[in-house]
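Novice:
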Amino acid sequence: MSLPQSLIRIPASFGRVLRGLSFGVCFAWLAPCLLLPAAAAQPATPALHGRRGAAAAHRALRERMRMRRVEAARRHRRRTAHAHHRMRRQVVYRHLVHRHPVHHPARRHHLGVSRRVHAAGLAVDARSAYVVDVDSGAVLLRKRADVVRPIASLTKLMLASVVLDSHPSMSQVIRITDDDIDRLKWSRSRLEPGMAFTRRELLNLALMSSENRAAHALARLYPGGVAACVAAMNRKARQLGMLHTIYLDPTGLNPGNRSTAADLTRLVRAAAAYPLIREFTTDRSRRVVARGETLMYRNTDHLVTDGWHLELQKTGFINESGHCLILDGHMDGHHVVVVLLGDPGGYADFADAEHIRVWLGREPGSAFAALKPDAARPGQG
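Quick note on my numbering: the sequence shown kicks off at -1 and runs consecutively.
Next comes the structure, spelled out in C-alpha cells:
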C-alpha cells in the first residue's frame, strides 16, 4: 500500500533549516582553527587574557630582575678582584714591615731613608713634630709644634697617670660591662661584657695594645666615675703646664681630645716617672685569660721589638688625628723624646721615626754632632 505523495514530500522550509544547522556545525568546528593563530600572535596582557596574561607578565618581570642580579654580581666580582689584589699588595708590605724593621738596611731605599742627611734640616711627613734632648733640654727638631691637633690614644698616657695617682688596688677584679662599649666610633674589641680582669691587666692592655674597653673600664672605676676621671686628667694637664691641651673622654676616641706636640713632651716626661707606665708601654705581648679563653695581645708599636732602646712609647690613631707616635728612649747615647702628630700613612709615623734616628746619628752636620761635637765617635760619618 503506497502513501500519498502529499504525505512524503519534505517542505522547503525544513530543508533550509537543515542546511542552516549543517553550516553552523561546520563553523563551530572551523572557528577555533581560524582564531587560535591570531590569538597567539597578540601580546599576552592581563587585560586580554586574564590570569594567563598576568602570569606571563610576572615571568617577564622575574627574568628582568634575574638579569639585573647577574649584572650586579658581575660588577661585584670585578670590584672584589681589584680590592683583593690591592689587599695582597698591602699584606705583603705589612709583612715586610714586621720582618724587616724600618731601620733595617734592606728597607732604607724603599722608605727613602738616606744614609746622609742634609745639614739644613729634615723633612718629615707628620703634620707636627717635636724632638727634644732630655739631658740638655735642646730642641733638636720642631715642626708646627704649637698647633693644636687631635691626639687619639695618646690620651691613655694621661689616663694611666691619674689612675695611678689615685693609688688603687692593682689586684682588684673589674668586670667589663655594656657601658664600656664604644658607641662613638664603634671600634672593635675582644673584651666582651661579662669578662673580668684585674686592674693591672686592664692597664697593661690599655697602654700596650691601646684597648679602648680596658681604658674605659679603668675610668669607670675611678673614684667618682668617668666624669671625675676626665676632670682629673684636665687638672693634671694644667699642673704640668700643658696649656693647649683638653680631654673630653678617657680613651682618645673623641676627636675633641686635643693637644700640641710641645705639650705632649711634658706629658711624656711626667708619665715616664711611673714604673708601671714604662713597663706596660714597652711590653711586647701579653696573654690574659677570661672565661677559660686565652687572649693574646701584642704591642701596637713594633719598634719595641726592633732594637730601639725605648723607655716609653705610645701610638694613636683615629681618622681625625692621623697616625700619632710618642717615643722616649736612647738614640746614639742621647736620651731624646720624639712626638709625631698627624702622619698620613699606616707606617709613615714609624718611617718618620727612622728618618729622625738616622738624622740624629753621628754623621757630619747631624743634630747630635752640633749639640756635642766632641762626642762623635771615631770613624763614623
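We put the CB at the ideal spot given by N, CA and C, even for glycine.
In this structure, how does DSSP classify Val171 when only helix, strand and coil are distinguished?
Specialist: Three-state result, Val171: strand.
Novice: Hey, is the stretch 147 to 154 in contact with the stretch 248 to 255, meaning 3+ C-beta pairs nearer than 8 Å?
Specialist: Yes: the two stretches touch, three or more of their Cβ pairs being nearer than 8 Å.
Novice: Using the Cα positions of Gly192 and Ala54, report the straight-line distance between them to the nearest angstrom.
Specialist: Roughly 57 Å between the two C-alpha positions.
Novice: Taking Cβ to Cβ, would you say Leu262 is nearer than 9 Å to Tyr128?
Specialist: Their beta carbons are under 9 Å apart, which means Leu262 touches Tyr128 by this criterion.
Novice: Once DSSP output is grouped into helix, strand and coil, what is the label at Arg125?
Specialist: Reduced to three states, the DSSP call for Arg125 is coil.
Novice: Less than 6 Å between C-beta atoms, sequence neighbours within five positions excluded: which residues of the same chain meet that for Ala42?
Specialist: With a pLDDT of 49 at Ala42, under the threshold of 50, the modelled position of this residue cannot be trusted, and the question is left open.
Novice: At 4 residues or longer, what runs of the alpha helix (DSSP H) sit wholly inside the stretch 128 to 173?
Specialist: Here the runs fully enclosed are 153 to 163.
Novice: Drop a sphere of 10 angstroms on the beta-carbon of Arg113, count the other beta-carbons inside from all chains shown, and report buried for 16 or more, exposed for fewer.
Specialist: For Arg113, the predicted model reports a pLDDT of 37, less than 50, meaning its position is unreliable; a value from the coordinates is still stated below. Exposed, by the Cβ-count rule.
Novice: What does Lys312 pair with, by DSSP beta-bridge criteria?
Specialist: Answer is Ile324, bridged to Lys312.
Novice: Between which two residues does the beta strand (DSSP E) harbouring Thr292 extend?
Specialist: Run containing Thr292: 291 to 296, per the beta strand (DSSP E) assignment.
Novice: Comparing C-alpha positions only, which one of Glu199, Gly223, His74 sits nearest to Glu277?
Specialist: Looking at the Cα atoms, Glu199 is the closest of the given residues.
Novice: When you compare the CB positions of Val171 and Ala194, do they come within less than 9 Å of one another, or not?
Specialist: Yes.
Novice: Please give me, in chain order, every unbroken run of the alpha helix (DSSP H) with length at least 4 that falls completely inside the stretch 204 to 289.
Specialist: Taking only runs of at least 4 residues, the alpha helix (DSSP H) segments lying wholly in the stretch 204 to 289 are 210 to 218, 223 to 237, 259 to 269, 273 to 279.
Novice: Alpha carbon to alpha carbon, how far is Arg67 from Arg60? Give it in angstroms, no decimals.
Specialist: Going from the Cα of Arg60 to the Cα of Arg67 covers about 11 Å.
Novice: For Ala270, which residues in the same chain have their Cβ closer than 7 Å to its Cβ, ignoring the five residues on either side in sequence?
Specialist: Closer than 7 Å at the Cβ level, and outside the excluded window around Ala270, lie Arg276, Glu309, Leu310, Asp326.
Novice: Skipping 5 residues on each side, what residues in its chain have a beta carbon closer than 7 Å to that of Leu265?
Specialist: Hits under 7 Å: Leu155, Met156, Leu238, Met240.
Novice: If distances are taken between C-alpha atoms only, which option among Ile316, Trp357, His328 comes closest to Leu339?
Specialist: That would be Ile316, whose Cα lies nearest to the Cα of Leu339.
Novice: Based on Cα-Cα distance, which residue from Lys141, Asp163, Arg188 lies nearest to Arg233?
Specialist: If we check each option's Cα against that of Arg233, Asp163 comes out closest.
Novice: Measure the alpha-carbon distance for Ala235 versus Tyr220 and round it to whole angstroms.
Specialist: Between Ala235 and Tyr220, the C-alpha separation is close to 17 Å.
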